[in-house]
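One structure below.
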Amino acid sequence: MTTSLTELGSKFAGLMLIWGIIQQYFPPALSKRFDYLWRRVENHFYPYVQITIDEFSNGKRNEIYSHINSYLGTKSIKKDAKLLKVEKSKNSKSFAVSLDEGEEITDEFQGAKFSWRNYSVKLSDDFSGHRSSRSNSVPMEKKSYRLTFNQRDREIVTGKYLNHITEEGKAIQFLNRKQKIYSNNCSNDWYWYGKGMWRDINFEHPATFDTLAMDPKKKAEIINDLIAFSKGKDYYSKVGKAWKRGYLLYGPPGTGKSTMIAAIANYLNYDIYDLELTSVKDNSGLKKLLMETTSKSIIVIEDIDCSIDLTGKRKKKKKKENETTSEDQEEDSDSSSTEKEKESTENKETGKLTLSGLLNFIDGIWSACGQERIIIFTTNHKEKLDPALIRRGRMDMHIEMSYCRYEAFKVLAKNYLNLETHTLFQQIQGLLEEVDMSPCDVAEHLMLKNASGGPQICLDNLIQALIEAKKKKANKDSKESKEKAKQNSMKIKKFSAKFLRSFGSVQKLLK
Numbered sequence: 001m002t003t004s005l006t007e008l009g010s011k012f013a014g015l016m017l018i019w020g021i022i023q024q025y026f027p028p029a030l031s032k033r034f035d036y037l038w039r040r041v042e043n044h045f046y047p048y049v050q051i052t053i054d055e056f057s058n059g060k061r062n063e064i065y066s067h068i069n070s071y072l073g074t075k076s077i078k079k080d081a082k083l084l085k086v087e088k089s090k091n092s093k094s095f096a097v098s099l100d101e102g103e104e105i106t107d108e109f110q111g112a113k114f115s116w117r118n119y120s121v122k123l124s125d126d127f128s129g130h131r132s133s134r135s136n137s138v139p140m141e142k143k144s145y146r147l148t149f150n151q152r153d154r155e156i157v158t159g160k161y162l163n164h165i166t167e168e169g170k171a172i173q174f175l176n177r178k179q180k181i182y183s184n185n186c187s188n189d190w191y192w193y194g195k196g197m198w199r200d201i202n203f204e205h206p207a208t209f210d211t212l213a214m215d216p217k218k219k220a221e222i223i224n225d226l227i228a229f230s231k232g233k234d235y236y237s238k239v240g241k242a243w244k245r246g247y248l249l250y251g252p253p254g255t256g257k258s259t260m261i262a263a264i265a266n267y268l269n270y271d272i273y274d275l276e277l278t279s280v281k282d283n284s285g286l287k288k289l290l291m292e293t294t295s296k297s298i299i300v301i302e303d304i305d306c307s308i309d310l311t312g313k314r315k316k317k318k319k320k321e322n323e324t325t326s327e328d329q330e331e332d333s334d335s336s337s338t339e340k341e342k343e344s345t346e347n348k349e350t351g352k353l354t355l356s357g358l359l360n361f362i363d364g365i366w367s368a369c370g371q372e373r374i375i376i377f378t379t380n381h382k383e384k385l386d387p388a389l390i391r392r393g394r395m396d397m398h399i400e401m402s403y404c405r406y407e408a409f410k411v412l413a414k415n416y417l418n419l420e421t422h423t424l425f426q427q428i429q430g431l432l433e434e435v436d437m438s439p440c441d442v443a444e445h446l447m448l449k450n451a452s453g454g455p456q457i458c459l460d461n462l463i464q465a466l467i468e469a470k471k472k473k474a475n476k477d478s479k480e481s482k483e484k485a486k487q488n489s490m491k492i493k494k495f496s497a498k499f500l501r502s503f504g505s506v507q508k509l510l511k
């Protein structure tokens, strides 16, 4: 097909040149008539349309060209293309194959056939020098792809085919890119020091759900939720919700909250935006940071209860109001003025970043400026967070990262020692039901620290650590019970003394 199209094109180009010379000697009226007849003949014998996609458009890189380049590169491996190029950038996982200059390839879509040809024209020294002085990103040659198809397939091309190859190209680039983890710069540095809002490095964390120490049922529930979210574009559009999801990870330190985030990112192949709230000046800055994030990403705020003094403010205000209403009017007026002074001081210290601004960041109108985003909060103290911050719809799924239990231990034993069963497992199971030990601490005892050590030594070390932790817990519980009994005894003595004094006063009154 490609050879015949090329031959027809060259023949018609020659005829057009001859016709251009001849029509100069025809009267205008006769020339128009011949033009009309010529177009009829041309459409009959050469019913093909050509579309050119340039690498640069209006001085900017054309994204469509990049997507088509990726799409055709993948197709060229399966087709009979002879001239290919191979490239690899620092931000790509693997080599990228593309068509070399002058190479052609055919493609099919919904029964229609399409021909693609790669063109490259070197620019003149004067033109390229002028362009390069304006921008270093403009190359010394003009690259383009030319699409040729039958005019009867025009609606397929404009309606579906171009969208199809663009989406396919995007998906190929997405899978081939290296994951990134971003951290926000301080708001004051964005303009004064020429820094961007985010800085990034390659994300190379090896965590997966297979290596995550967690109950398999809970793990499967999270994975199913992630799959439903990643495939839910049409569903979210149907119900009228922004395509995003919120997860709250809570639990004691060392229970794997950060590892869970890495596992989610690797499972979905998403980038991570680690948002440090203390570096954000105000609500406007928070909004700008959101607008600079990409789709298919995870926005993380770790230890949100410690990040900034936004949590529980409304509770404090209500508590202060209740305290002031229970006092005398005179004391109430004094305390209210004091509270106003404290409140104004707090507002000055915290700046303009407010709880309301954070809530709008999560699920306000501006939160829909991108698609396929996940927002994750982590905390060691869920009870300290404002209920409005973690309600369903903002944090859709609350995931408790608990202490290590037997099911999580079996995952760690498989990962670290390649053991699925052992005679000591039953003893360890009993101890883990009585002792609270984080997966991080359990993993440390299971790690082989030298070549001479083996699984038996690691399991013995873990059992010894669990027994010591059990003793410490027993001693702590004993001290707490004694302290509680002592406090109760003192309360009884105080109550008895107060009662006796009151009884003595009553006796004196009766006398």
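Under full-length UniProt numbering, the first residue of the sequence shown carries the number 1, and numbering increases by one thereafter. All C-beta atoms in this analysis are idealised placements derived from N, C-alpha and C, irrespective of residue type, glycine included. Here the structure is a predicted model, which means the values were calculated and not measured.
Query, Result
"Check whether the Cβ atoms of Asp396 and Arg245 sit closer than 9 Å, and answer yes or no.", "yes"
"Work out the CA separation of Lys498 and Lys486 for me, nearest whole Å.", "18 Å"
"Given a cut-off of 9 Å on the beta-carbon distance, is the pair Val121 and Lys93 in contact?", "no"
"Assign Lys315 to buried or exposed, taking buried as 16 or more other Cβ atoms, counted over all protein chains shown, within 10 Å of its Cβ.", "Unreliable positioning characterises Lys315 in this predicted model, as indicated by a pLDDT of 47, which lies under 50. The coordinate reading is nonetheless provided below. It counts as exposed."
"Going by CA-CA distance only, name the one from Glu400, Arg391, Met447 that's closest to Leu417.", "Met447"
"Excluding five sequence neighbours on each side, which residues of the same chain lie with their C-beta closer than 8 Å to the C-beta of Arg154?", "Val49"
"Contact between the stretch 150 to 169 and the stretch 240 to 256 is defined here as three or more beta-carbon pairs at a separation below 8 Å; is this criterion met?", "no"
"Are the CB atoms of Val300 and Thr378 within a distance shorter than 9 Å?", "yes"
"If contacts are defined as beta-carbon pairs under 8 Å, then Ile264 and Ile298 qualify, I think. What distance do you get, rounded to the angstrom?", "7 Å"
"Using a Cβ-Cβ cut-off of 7 Å (strictly less than) and excluding sequence neighbours within five positions of Ser333, which residues of its own chain qualify?", "Bear in mind that a pLDDT of 46 at Ser333, under 50, signals an unreliable position, so the model cannot answer this."
"Helix, strand or coil for Thr259? Go by DSSP, reduced to three states.", "helix"
"Are the stretch 209 to 223 and the stretch 395 to 414 in contact at 8 Å, needing three or more beta carbon pairs?", "yes"
"For His445, which residues from the same chain have a beta carbon less than 8 Å from its beta carbon, with the 5 sequence-adjacent residues on both sides left out?", "Cys458, Asn461, Leu462, Ala465"
"Does the separation of the CB atoms of Thr166 and Ala207 fall below 9 Å?", "no"
"According to DSSP, what are the bridge partners of Tyr145?", "Ile53, Asn118"
"If you pair each beta-carbon of the stretch 261 to 278 with each one of the stretch 401 to 413, do three or more pairs fall below 8 Å?", "no"
"In the DSSP assignment, find the beta strand (DSSP E) that holds Met397 and state where it starts and stops.", "397 to 400"
"Could you tell me whether the Cβ atoms of Arg146 and Thr52 are closer together than 9 Å?", "yes"
"So with Cβ pairs under 9 Å, would you call Ile428 a contact of chain D?", "In summary, chain D is missing from the structure at hand, where a single protein chain is found."
"So which of Met214, Lys231, Met197, His205 has the shortest CA-CA distance to Ser279?", "Met197"
"Rounded to the nearest angstrom, how far is the Cβ of Ile172 from that of Tyr71, given a contact under 8 Å?", "7 Å"
"Taking the beta carbon of Pro111 as the centre, do at least 16 other beta carbons fall within 10 Å, making it buried, or is it exposed?", "Note that residue 111 is Gly in the sequence shown here, rather than Pro. Burial call: exposed."
"CB-CB under 7 Å to Ala469, same chain, minus the five flanking residues each way: which ones, in chain order?", "Val435, Met437"
"Going by CA-CA distance only, name the one from Asp477, Asn118, Arg177 that's closest to Thr148.", "Asn118"
"Looking only at C-alpha atoms, which of Asp107, Asp225, Asn184 sits nearest to Ile201?", "Asn184"
"Taking the Cβ atom as the reference point for each residue, do Glu103 and Ala81 lie within a distance shorter than 9 Å?", "yes"
"Is any heavy atom of the ligand PLP found at a distance shorter than 8 Å from the C-beta of Trp198?", "For the ligand PLP, the structure offers nothing, since it holds no ligand at all."
"Roughly how many whole angstroms lie between the Cα atoms of Leu275 and Pro439?", "26 Å"
"Would DSSP call Ser98 helix, strand or coil?", "strand"
"With 16 other CB atoms within 10 Å as the buried threshold, where does Gly285 fall?", "buried"
"What ranges does the beta strand (DSSP E) occupy inside the stretch 395 to 475, keeping only unbroken runs of at least 3 residues that lie completely in it?", "397 to 400"
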